[in-house]
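**Student:** Oh and the sequence shown: position 211 is 848 in this note's numbering, straight run, nothing missing.
Glycine included, each C-beta is placed from N, C-alpha and C at the ideal position.
In this text the structure is predicted, and so the values were computed from the model without any measurement.
Below is the structure I would like to discuss, written out as structure tokens.
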Amino acid sequence: MQLRSDDLATLGGAHGAAAQVAMRILLRVARLQGVRELLDVTQVHIDGCTYIGPASLRFAQQLLAWQGRFKVPTTLNAISVDQRRWRALGVSPVLGEPASALGDAYVALGAQASFTCAPYLLESAPCAGENIGWGESNAVVYANSCLGARTQKYADFLDACIALTGRAPAAGCHLDAGRRARLVLRLDPCLQARVLGVGGSLDDAFWPTLGYLVGLKAASKVPVLTGLERVTPSRDDLKAFSAAFGTTASVALFHLAGITPEAPTLKAALGLSTGSMAHAVDQVDQATMDQLDVAQITLSLDDMVRVYATLNGHATGTESAAALTDKAGVASRAAQMIRTFGFAVYVFVLITLGNWKGTSRSL
């Protein structure tokens, strides 16, 4: 490994035990990846703040016991409870207390209490070419693909190690070689004609369905998709594409020719037909209402305006329990629409059904 003098100092304990252990872990990961050096990151987004058991809390509290402090600006993903309302909502202390304590521990380490799955909507969103260390698959995919920032998909706990040191392995999407398209996908001419024919009135399901399908085709290869050069997707369209892509692809980056900032020169083509899109819709849209315990919908302010327009200002029916999870301050800017919907707002919560409910289902 080619280490700088400050890396060696950290490894020797000059910056405390927390940073020392974090550097040891990073070097082990780098060796597993065949990486010979580390690089600087400007910011970190931690996904490990979701409570997944006692070990996750002990990890963060041990870093605090070692007087750890994050070296670079750090944001936090959604946590498992609303810290202000979990008791009122009837959440068991078995989950509520450690989940809330985990969020507090990461804030004490120096993280911003952002509690959002969409850090790219914050004012601190990275710029093109900026090396960052993010967790959360949709955020990683969006940052790489739509902003041109550079990050690998960093796992829980490894993200905190990067935040403690400000360093990350020089590998994957951090490097030019890891960002080049290795697979070319082209929209079927029939599907392309339909897309261009409807202009700006594409169905809301189009972008997430396409992202899901492109992810299936791409798997571990960085794809570039052609055929949408005359379409102008919104930020929310790209957000939906990125989130769906992240569920089916292991790779952390895609390119849309003529749309995303790093679309490379095309060398090959692979068709995506109308039939395969329809099949993807069928795969995604299988659940019936009696199969669902919870449905969580992540909405931006623009999403909420469209929902409000679709409902034509009418309140929701009394037969369903409706809730919104706030992120990036959306609720405070859409109070009237929320009251009209009849929704409740659970602030900064990632809703998951886990073993504490006696079930292994997670939505």
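Measure the alpha-carbon distance for residue 649 versus residue 746 and round it to whole angstroms.
**Tutor:** Their Cα atoms are separated by approximately 21 angstroms.
**Student:** For residue 796, which of helix, strand or coil comes out of DSSP?
**Tutor:** Residue 796: helix per DSSP, three-state reduction.
**Student:** Going by DSSP in three states, residue 860 sits in which element: helix, strand or coil?
**Tutor:** Looking at residue 860 - three-state DSSP - the assignment turns out to be strand.
**Student:** Is the separation between the beta-carbon of residue 859 and that of residue 823 shorter than 9 angstroms?
**Tutor:** Not a contact, by the Cβ cut-off of 9 angstroms.
**Student:** Check for me: the alpha helix (DSSP H) holding residue 855 runs from which residue to which?
**Tutor:** First-last of the alpha helix (DSSP H) with residue 855: 843-855.
**Student:** Using a Cβ-Cβ cut-off of 7 angstroms (strictly less than) and excluding sequence neighbours within five positions of residue 904, which residues of its own chain qualify?
**Tutor:** Here residue 904 scores only 42 on pLDDT, less than 50, and its place in the model should not be relied on; the value that follows carries that caveat. Contacts found: 821.
**Student:** With DSSP run on the structure shown, which of helix, strand or coil describes residue 677?
**Tutor:** Of the three classes helix, strand and coil, the one that applies to residue 677 here is strand, per DSSP.
**Student:** Can you give me the start and stop residues for the beta strand (DSSP E) that residue 804 sits inside?
**Tutor:** Element bounds for residue 804: 804-806.
**Student:** Looking at the structure shown, is residue 823 part of a helix, part of a strand, or coil, going by DSSP?
**Tutor:** Note: residue 823 maps to strand in three-state DSSP.
**Student:** For the alpha helix (DSSP H) containing residue 947, name the first residue and the last one.
**Tutor:** Run containing residue 947: 938-948, per the alpha helix (DSSP H) assignment.
**Student:** Take the Cβ of residue 827 as the centre, count every other Cβ of all protein chains shown within 10 Å, and call the residue buried at 16 or more, exposed below.
**Tutor:** Residue 827 is exposed by the Cβ-count criterion.
**Student:** Measuring alpha carbon to alpha carbon, tell me which residue in 771, 814 and 782 is nearest residue 804.
**Tutor:** Among 771, 814 and 782, the Cα nearest to that of residue 804 is on 771.
**Student:** Helix, strand or coil for residue 992? Go by DSSP, reduced to three states.
**Tutor:** Confidence is the limiting factor: at residue 992 the pLDDT is only 43, short of 50, which leaves the residue's position unreliable, though a coordinate-based value still follows. Helix, per DSSP.
**Student:** Assign residue 698 to one of three DSSP states: helix, strand, or coil.
**Tutor:** Note: residue 698 maps to helix in three-state DSSP.
**Student:** Answer with buried or exposed for residue 916, where buried requires no fewer than 16 other C-beta atoms within 10 angstroms of its C-beta.
**Tutor:** Exposed, because fewer than 16 other Cβ atoms sit within 10 Å of the Cβ of residue 916.
**Student:** Consult DSSP for residue 833 and reduce its assignment to one of helix, strand or coil.
**Tutor:** In this structure, residue 833 counts as helix in the three-state DSSP scheme.
**Student:** Measuring only the C-alpha atoms, how far is residue 864 from residue 754?
**Tutor:** So the two alpha carbons sit approximately 30 angstroms from each other.
**Student:** Name the residue from 861, 854, 897 and 844 whose alpha carbon lies nearest to the alpha carbon of residue 880.
**Tutor:** The shortest C-alpha separation from residue 880 is found at 844.
**Student:** Per the DSSP calculation, residue 753 is bridged to which residue(s)?
**Tutor:** DSSP output for residue 753 lists no bridge partner at all.
**Student:** Can you tell me the Cβ-Cβ gap for residue 688 and residue 717, rounded? I've got them flagged as a contact below 8 angstroms.
**Tutor:** Contact flag correct, Cβ pair sits at about 4 angstroms.
**Student:** Note down the Cα distance separating residue 907 from residue 948, rounded to an integer number of angstroms.
**Tutor:** Residue placement at residue 907 is poorly supported in this model, since its pLDDT is 32, which falls under 50; the coordinates are not used for a value here.
**Student:** Put residue 884 into one of helix, strand or coil per three-state DSSP.
**Tutor:** It is helical.
**Student:** For residue 648, report the span of its alpha helix (DSSP H) as first-last.
**Tutor:** Segment 642-648, the alpha helix (DSSP H) holding residue 648.
**Student:** How many Å lie between residue 582 and residue 722 at the Cα?
**Tutor:** Since the first residue of the chain shown is 638 and the last is 1000, residue 582 is not available in this structure.
**Student:** Confirm, please, whether the CB-CB distance from residue 653 to residue 705 is below 9 angstroms.
**Tutor:** Yes, Cβ-Cβ distance for residue 705 and residue 653 is below 9 angstroms.
**Student:** Assign residue 705 to one of three DSSP states: helix, strand, or coil.
**Tutor:** Correct three-state label for residue 705: coil.
**Student:** Contact check, residue 882 vs residue 848 under 8 angstroms by CB: the rounded distance?
**Tutor:** That belief holds up - the Cβ atoms of residue 882 and residue 848 are roughly 4 angstroms apart, short of 8 angstroms.
**Student:** Pick helix, strand or coil for residue 652, following the three-state DSSP scheme.
**Tutor:** Looking at residue 652 - three-state DSSP - the assignment turns out to be coil, as it is neither helix nor strand.
**Student:** Could you name the residues that DSSP lists as bridge partners for residue 787?
**Tutor:** Answer is 768, bridged to residue 787.
**Student:** Between which two residues does the alpha helix (DSSP H) carrying residue 732 extend?
**Tutor:** 730-745 is the extent of the alpha helix (DSSP H) around residue 732.
**Student:** Between residue 711 and residue 683, how many whole angstroms is the CB-CB distance? I'm expecting something under 8 angstroms.
**Tutor:** That belief holds up - the Cβ atoms of residue 711 and residue 683 are roughly 6 angstroms apart, short of 8 angstroms.
**Student:** Starting from the Cα of residue 1007, find the closest Cα among 873, 878 and 832 and give me that residue.
**Tutor:** The structure shown has nothing for residue 1007, since the chain only spans 638 to 1000.
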